[in-house]
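Accompanying notes for the structure given below.
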Amino acid sequence: MKVLNFGSLNLDYVYTVDHILMGGETQTSTSMQIFPGGKGLNQSIALAKAGVEVYHAGQIGEDGQMLKDVCQENGVDARFVRPVSGRSGHTIIQVDKNAQNCILLYPGANRSISKEFMDEVLSFFDEGDILLLQNEINDLPYLIDQAYGKGMRVMLNPSPFDAYLDACDMSKISLFLMNEIEGWQLTGEKEPEQILAKAKEKFPHSDILLTLGGDGSVYQDNAGIYRQEIFPVKAVDTTAAGDTFTGYFISSIIDGMDPKEGLRMAAKAAAIAVSRPGAASSIPKKEEVLAS
Ligand code: RIB
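If you count by the numbering used here, then the sequence shown holds residues 785 to 1076, one letter each, in order.
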């Protein structure tokens, strides 16, 4: 079984600040680093580090060769990462003294992917393969319809949750992976139990993974509901913690692990990612996760 992750590749400009800026405020940052990122790229790297055969598809601009290199260096098959003219996607990320962040996203090359290119990539995949998506590229509804039509299992991290998702046929999603805010935006419910109940009602054929920040995570499938607490660490940068969780949890499904064990491994991997700076660079390898 192959995994295709059709998703974003971003250059993350990460600024260390005392506190997240308020409207109208100017603040001097104490450091700035450029990291490889993008929800798509991060999740591909998490999958590869967890031992999954993953193909990343997406677009980089003239400034983005480093993003393709990082994929390859980390074991992601990047043959479908296509260079185009113009700029890559990039973000401006503030990380405050409590390791909280806020992210401003410029989509760049991520949002000019043609349907012809999508078709070309999808033709390489078969029934039973997995398509993983986030909401940082264009034309998700098309990708969902085409992949579902050929019998692929479509998994969606609906992040960022915005109007671009409105046209997606969510009944074709086999697994939603999201935090509780996105869970609220998808279902209209705020409490985790209610989010799960409403999701089951609206999407009876979908499994749900909800990450709950400091309150851990919860997974619901046909057989039941499974909970996992966090592994407490000294947080340095929470960027990509959710992406790490996503990649590791999907790897546990592919490996046929019990959901409880899958949640535990994903929570450990995310805890390690939180204890390090950066996005993709903070994601641990499986040996490290299993040894922790
Ligand atoms: O989930 C974290 C990612 O979100 C960052 O790497 C940034 O690029 C944004 O896409």
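Built from N, CA and C at the ideal position, the CB exists for glycine as well.
Is the beta carbon of Leu1089 within less than 8 Å of some heavy atom of the ligand RIB?
Given that the chain is displayed from residue 785 to residue 1076, the structure contains no residue 1089 and the question cannot be resolved.
Helix, strand or coil: which one does DSSP assign to Asn858?
coil
Could you give the distance in angstroms between the alpha-carbon of Lys837 and the alpha-carbon of Gly935?
Checking the displayed sequence, the identity of residue 837 turns out to be Glu instead of Lys. Distance between the alpha carbons of Glu837 and Gly935: 19 Å.
Could you pull out every residue in the same chain whose Cβ sits closer than 7 Å to the Cβ of Glu1045, ignoring the five residues on either side in sequence?
Ser1036
Between Leu808 and Asp946, what straight-line distance do the alpha-carbon atoms span, to the nearest angstrom?
Correcting the residue identity first, residue 808 is Gly in this sequence and not Leu. Those two C-alpha atoms are separated by around 25 Å.
Can you tell me which of Thr1028, Gly1062, Leu961 and Ser907 puts its alpha carbon nearest to the alpha carbon of Ala1055?
Thr1028
Would you report the Cα separation of Asp923 and Pro944, rounded to the nearest angstrom?
14 Å
Pick from Pro1043, Ser896, Leu996 and Ile804 that is closest to Lys881, judged by C-alpha positions
Ile804
Alpha-carbon to alpha-carbon, Gln918 and Gln878:
22 Å
Taking buried to mean at least 16 other C-beta atoms within 10 Å of its own C-beta, is Ser813 buried or exposed?
exposed
What residue range does the alpha helix (DSSP H) around Val1058 cover?
Pro1043 to Val1058
Whole-angstrom C-beta distance between Leu788 and Ala832, which should lie under 8 Å
Actually they do not touch by this definition, with Cβ atoms about 13 Å apart.
Determine the DSSP secondary structure at Leu927, reduced to helix, strand or coil.
helix
Cβ contact (3+ pairs, closer than 8 Å) linking the stretch 980 to 1000 and the stretch 849 to 857:
no
Pick helix, strand or coil for Asp853, following the three-state DSSP scheme.
helix
Pairs of beta-carbons, one from the stretch 887 to 907 and one from the stretch 789 to 802, closer than 8 Å: are there three or more?
yes
At 3 residues or longer, and completely inside the stretch 807 to 831: list those beta strand (DSSP E) runs for me, N to C.
815 to 821
Which word fits Glu857, buried or exposed, when buried means at least 16 other C-beta atoms lie within 10 angstroms of its C-beta?
exposed
How many angstroms separate the CA atom of Ser907 from the CA atom of Asp802?
48 Å
Are the CB atoms of Ala951 and Pro925 nearer to each other than 9 Å?
yes
For Ala1053, which option in Pro1068, Asp1042, His989 and Gly1040 has the closest C-alpha, if you only look at C-alpha atoms?
Pro1068
Just checking my contact of Gly912 with Met785 at CB under 8 Å: how many whole Å lie between their CB atoms?
6 Å
Looking at Asn826: is its Cβ nearer than 9 Å to the Cβ of Ala1064?
yes
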